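Remarks on the structure that follows.
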Amino acid sequence: DQQVKQNSPSLSVQEGRISILNCDYTNSMFDYFLWYKKYPAEGPTFLISISSIKDKNEDGRFTVFLNKSAKHLSLHIVPSQPGDSAVYFCALQSGAGSYQLTFGKGTKLSVIP
Amino acid sequence: KAGVTQTPRYLIKTRGQQVTLSCSPISGHRSVSWYQQTPGQGLQFLFEYFSETQRNKGNFPGRFSGRQFSNSRSEMNVSTLELGDSALYLCASQGQGRGSPLHFGNGTRLTVT
């Protein structure tokens, strides 16, 4: 049973527009929420995170929103650029004594020039 | 600061053999985790080490094992390889404190024939 779901395997967006990537989870014990970006043949690269005590965190063009009651996380990229084309993973962390991440299966974002 | 280094980048083995993968974390990072990425299952947690002690283990058979050395470098071993072990194996290191992001290496691509 998947604890973390990214229901859109792919997303295409025009350059300059907003990209919105979504992530849903089932376990209320998750308390840190991270987004990673991955290019082929490379490891995932950390983008942005949010703790469960916040509902929004911004870093430049990237904003993460957390809706704890809905168990829903989203990443907004604005404006989208062709270099943003990659696979995006949400990753959730829970529990004391371990830094284990539970990943969604990823959304492939294509930004069209 | 140098990133997480994994060796080798690519490996081809035959069924029944065993393999050892190596990971050097970011300098100063004492936590090292291993993940397996396959097209069907996405990124799945293997195990986590902190100061030479295994702190957490994922749902993988006992053929998968690991260790961490006093300099924080880590190795993982897979014995009696099966075709289904073909995957990208990713190592990540983390600094102190929950919410501190994991930093990933570029992985070892293991192919079992």
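From first to last, the protein sequence lines are chains S and L.
First residue of the first sequence? That's 1 in this note's numbering, and the numbers climb one at a time after it.
First residue of the second sequence? That's 1001 in this note's numbering, and the numbers climb one at a time after it.
Note that CB positions come from ideal geometry on N, CA and C, so glycine has one too.
Here the structure is a predicted model, which means the values were calculated and not measured.
Within chain S, the residues that His1029 (chain L) reaches when beta carbons sit closer than 9 Å: Counting only Cβ-Cβ distances below 9 Å, His1029 (chain L) has no contacts in chain S at all, with the closest Cβ about 11 Å away.
CB contact check: Gly60 (chain S) to chain L, cutoff 8 Å: By this cut-off, Gly60 (chain S) is not an interface position.
Chain S contact for Arg1015 (chain L) (CB, 8 Å cutoff): Chain S places no beta carbon closer than 8 Å to that of Arg1015 (chain L), leaving this residue out of the contacts.
Within-8 Å CB hit, Glu1075 (chain L) to chain S: Chain S contact via Cβ: absent.
Run of the beta strand (DSSP E) containing Lys1013 (chain L), from where it starts to where it stops: Start and end: 1010-1013.
Three-pair Cβ contact test at 8 Å for the region 36-43 of chain S versus the region 16-25 of chain S: The region 16-25 of chain S and the region 36-43 of chain S do not touch, with fewer than three beta-carbon pairs separated by less than 8 Å.
Local conformation of Leu11 (chain S) per DSSP, three classes: In the three-state reduction of the DSSP assignment, Leu11 (chain S) falls in the strand class, which pools E and B.
For Phe33 (chain S) and Ile50 (chain S), believed in contact at Cβ under 8 Å, the rounded distance: About 5 Å separates the CB atoms of Ile50 (chain S) and Phe33 (chain S); that is less than 8 Å, so the two are in contact.
Chain L within 8 Å of Tyr32 (chain S), Cβ atoms only: Interface flag for Tyr32 (chain S) against chain L is set, since a Cβ pair is found closer than 8 Å.
Beta-carbon gap between Phe119 (chain S) and Ile77 (chain S) smaller than 8 Å: This structure gives no information on residue 119 (chain S), because the portion of chain S shown stretches from 1 to 113.
Beta-carbon separation (whole angstroms), Glu1052 (chain L) vs Gln1041 (chain L), contact threshold 8 Å: The C-beta distance from Glu1052 (chain L) to Gln1041 (chain L) rounds to 29 Å, too long to meet the 8 Å contact threshold.
Exposed unless 16 or more other CB atoms sit within 10 angstroms - verdict on Leu1083 (chain L): So Leu1083 (chain L) counts as exposed.
Asp55 (chain S), DSSP secondary structure in three states: Coil at Asp55 (chain S), not helix or strand.
Test: Tyr99 (chain S) CB closer than 8 Å to a CB of chain L: Taking Cβ atoms only, chain L reaches closer than 8 Å to Tyr99 (chain S), which makes this a yes.
Sub-8 Å separation of Leu1110 (chain L) and Ala1092 (chain L) beta-carbons: Contact check for Leu1110 (chain L) against Ala1092 (chain L) fails: the beta carbons are separated by 8 Å or more.
Where Gln1096 (chain L) falls, given that 16 or more other Cβ within 10 Å makes a residue buried: When all chains shown are included, Gln1096 (chain L) counts as exposed.
Segment contact flag, the region 53-60 of chain S with the region 99-110 of chain S, C-beta cutoff 8 Å, min 3 pairs: Output reads no: the region 99-110 of chain S does not touch the region 53-60 of chain S.
Near-chain L residues of the region 37-53 of chain S (beta-carbon distance less than 8 Å), N- to C-terminal order: Taking 8 Å as the upper bound on Cβ-Cβ separation, chain L lies near residues Ala41, Glu42, Gly43, Pro44, Thr45, Phe46, Ser49, Ser51 of the region 37-53 of chain S.
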